[in-house]
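Reading through the structure tokens given below for one structure.
Protein chains: 2
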Amino acid sequence: MYTVAEENYIKSIYHLQRHQKSVHTNDLAAELNTRAASATDMIKKLEAKGLLKYEKYYGCSLTKTGKKLALNIIRRHRLWEFFLSEKLGFGWEEVHAVAEQLEHVQSDLLTDKLDVYLGFPLFDPHGDPIPDTLGNMAAREQTPLSLWTSQAPAEVCGVGSQDESFLEMLSLKQLEIGCRLTVLRHFNFDKTVELQLATGSSFTISEMLAKNIFVKPVEV
Amino acid sequence: MYTVAEENYIKSIYHLQRHQKSVHTNDLAAELNTRAASATDMIKKLEAKGLLKYEKYYGCSLTKTGKKLALNIIRRHRLWEFFLSEKLGFGWEEVHAVAEQLEHVQSDLLTDKLDVYLGFPLFDPHGDPIPDTLGNMAAREQTPLSLWTSQAPAEVCGVGSQDESFLEMLSLKQLEIGCRLTVLRHFNFDKTVELQLATGSSFTISEMLAKNIFVKPVEV
DNA sequence: CGAAATATTTAGCCAAAGCTAAAAATATAT
DNA sequence: ATATATTTTTAGCTTTGGCTAAATATTTCG
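Sequence order for the protein chains is A and B.
All residue numbers for the first sequence refer to the working numbering, where the first residue is 2 and numbers rise by one.
All residue numbers for the second sequence refer to the working numbering, where the first residue is 2 and numbers rise by one.
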């Protein structure tokens with residue numbers, strides 16, 4: 002069994018590892034809203050437990066065991082998100098905070114029974130894929146709006162951040178998951194994107210926002 | 002917000018308070034598998050937070066605030082037990098351990114939405130009543146087998162302990178929740194109880210066991 | 001009643017996980 | 001390439017929750 006703190010470190014290291022191959026102390030501390038010194042301490046502890054490899058002043062990266070644990074935590078998190086949204090009627094922007102707590106309930110039996118009960122969902126309410134028992138998950142068939150060049154109508158199917166101010170902005174601009182839109186044009190100068198909603202209204206969004214909204218072709 | 006340790010102390014004090022009016026340090030320590038010294042420390046902390054009143058060498062008892070918290074924790078615990086049993090198909094003897102973890106997820110929104118989702122259940126799978134938002138709960142319409150004198154068939158609807166060895170014994174003797182039985186007689190000498198199952202088999206159980214099995218009249 | 005047994009508290013430690021401040025290593029920049 | 005800036009680590013302290021051993025209250029019993 003692992004402590005909540007350990008699990009949170011493992012999860013953060015896993016997420017950071019998608020971008021940088023080796024995870025640096027400062028980045029990890031920033032991700033967890035803590036200090037570099039604390040991160041160093043925990044990294045050492047996790048290395049002792051065989052969950053990651055660590056080279057002083059260079060960084061760390063998860064071992065096979067560490068990755069497996071990370072995927073299990075992510076699995077729990079996303080299954081709970083799905084449950085909260087689908088079964089309890091939580092707004093998709095409310096689920097994250099509660100799932101942060103639920104993900105630390107350690108019982109594989111619970112996780113697997115929940116998975117069965119939910120019908121083995123492949124994606125959580127944010128469009129992120131849910132790992133199965135072995136850690137395998139579907140690839141997200143998603144393109145950030147910033148890269149979507151097709152004229153064809155697109156459906157919002159994922160977001161790149163759980164930040165509250167970001168999610169608030171989305172719902173303000175009526176860019177919820179499942180909503181349909183068309184990209185009118187990309188402005189090369191400042192990378193802003195002009196788009197039109199199914200309701201007919203059109204407006205321009207920043208590059209930052211466009212990078213964090215994922216879309217896919219509208220299904221027939 | 003309260004820590005997991007604090008919540009567990011509050012819950013234990015609440016349970017002990019049903020029997021003794023004032024809860025003694027040693028009993029509390031025993032209940033929580035810890036030592037008297039640790040209990041003293043925590044009692045002081047909880048008093049400082051206004052959750053209980055404490056008199057040195059005498060004991061402690063929950064304040065109004067403390068009781069409210071206790072009932073909220075119990076509410077969460079029993080709702081999760083119901084969920085695990087009803088929705089996920091856990092055996093009723095498996096739910097307790099997992100609910101011990103789930104009960105510490107702190108989100109009133111979650112608790113209330115879960116309650117709605119489950120259809121405002123009144124009793125958990127062990128037959129214990131589930132408090133509502135205000136802390137009110139149904140009285141358990143249950144009699145311990147040791148006091149059941151009626152000739153009429155009875156239905157097992159509750160248990161007086163979550164102890165593993167006890168629950169194991171129950172399932173071994175096929176005395177699950179919901180099962181039907183008739184009490185053949187009470188032996189005055191050693192307070193054992195002879196009973197007959199719906200299957201026809203009959204046997205005698207100890208006073209200890211009889212006190213911990215709750216029954217109610219079979220519903221028509 | 002007073003001595004022995006029992007219960008409770010105090011004092012002093014430990015481990016986990018965090019922090020600050022200072023030291024050491026690495027990276028950058030003129 | 002050396003000086004400066006940044007990053008990382010170390011050292012030492014804090015809080016939470018638990019422990020043991022010793023001290024102090026309380027209860028019980030001869």
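Just so you know, even glycine gets a beta-carbon here, dropped at the ideal spot from N, CA and C.
Just so we're clear, the structure is a prediction, and the values are computed from it rather than from any experiment.
In terms of CA proximity to L146(B), N213(B) leads the group S202(B), N213(B) and Y10(B). With a threshold of 16 other beta carbon atoms within 10 Å, N73(A) meets it and is buried. Taking every protein chain shown into account, the CB of E104(A) has 16 or more other CB atoms within 10 angstroms, so this residue is buried. Closest option to Q163(A), judged by alpha-carbon separation, among L148(A), D129(A) and H187(A): D129(A).
Under the three-state reduction of DSSP output, K217(A) falls in the strand class.
Assignment of K46(B) by DSSP, reduced to helix, strand and coil, places it in the helix class. Counting every other CB atom within 10 Å of its CB across the protein chains shown gives R186(B) a total below 16, marking it as exposed.
Straight through space, the alpha carbons of S202(A) and V194(A) are spaced by roughly 14 Å.
Of all residues in the segment 80 to 93 of chain A, the ones placed with a Cβ closer than 9 Å to any Cβ belonging to chain B are L85, K88, L89, G90 and F91, in chain order.
Boundaries of the alpha helix (DSSP H) harbouring T26(A): T26 to E32, taken from the DSSP string. The beta carbon of V99(B) lies closer than 8 Å to those of W81, L85 and F91 in the same chain, with the five residues before and after it left out. In the DSSP assignment, Y55(B) falls within the beta strand (DSSP E) that extends over L53 to E56. Under DSSP, the beta-bridge partners assigned to R186(A) are E195(A). Per DSSP, the beta-bridge partners of T144(A) are V216(A).
When Cβ pairs closer than 8 Å are counted between the two stretches, the segment 29 to 49 of chain B is seen not to touch the segment 101 to 117 of chain B, the count staying below three. In this structure, DSSP gives A153(B) a state outside helix and strand, which the three-state scheme calls coil. For Y118(A), the chain B residues whose Cβ falls inside 7 Å of its Cβ are K88 and L89, in order along the chain.
Within the segment 103 to 116 of chain B, L103, H105, V106, Q107, S108, L110, L111, K114 and L115 place their CB atoms closer than 9 Å to a CB of chain A, listed in sequence order. For the set L123(A), Q152(A) and T134(A), the Cα lying nearest the Cα of E142(A) is the one of L123(A).
With a 10 Å radius around the Cβ and a threshold of 16 neighbouring Cβ atoms, K57(B) comes out exposed.
Counting only residues of its own chain and dropping the five nearest sequence neighbours on each side, C158(B) has a CB closer than 7 Å to the CB of G128, Q143, I178, F215, V216 and K217. Looking from the CA of H97(B), the closest CA among L110(B), F83(B) and P154(B) belongs to F83(B). Residue pairing of S62(A) in beta bridges, as defined by DSSP: K54(A).
Where F204(A) is concerned, the enclosing beta strand (DSSP E) starts and stops at S203 to I206. Sequence-distant Cβ neighbours of D125(A) in its own chain, meaning closer than 7 Å and more than five residues away, are R79, E82, F83 and I131.
Distance from the CA atom of T26(B) to the CA atom of A155(B), rounded to whole angstroms, is 39 Å. When CB distances to chain B are screened at a threshold of 9 Å, not a single residue of the segment 10 to 28 of chain A falls below it.
Distance from I75(A) to K114(A) at the Cβ level is roughly 18 Å; contact not present, criterion being Cβ atoms closer than 8 Å. Nearest CB-CB separation between V96(A) and chain B: not below the 7 Å threshold.
Residue pairing from DSSP leaves V96(A) without any beta-bridge partner. For V99(A), the chain B residues whose C-beta falls within less than 9 Å of its own C-beta are V106, S108, L110 and L111, listed in chain order. DSSP places R76(B) in the helix class (H, G or I) of the three-state scheme. The Cβ-Cβ distance between K54(A) and S62(A) falls below 7 Å.
P130(B) is bridged by DSSP to F124(B).
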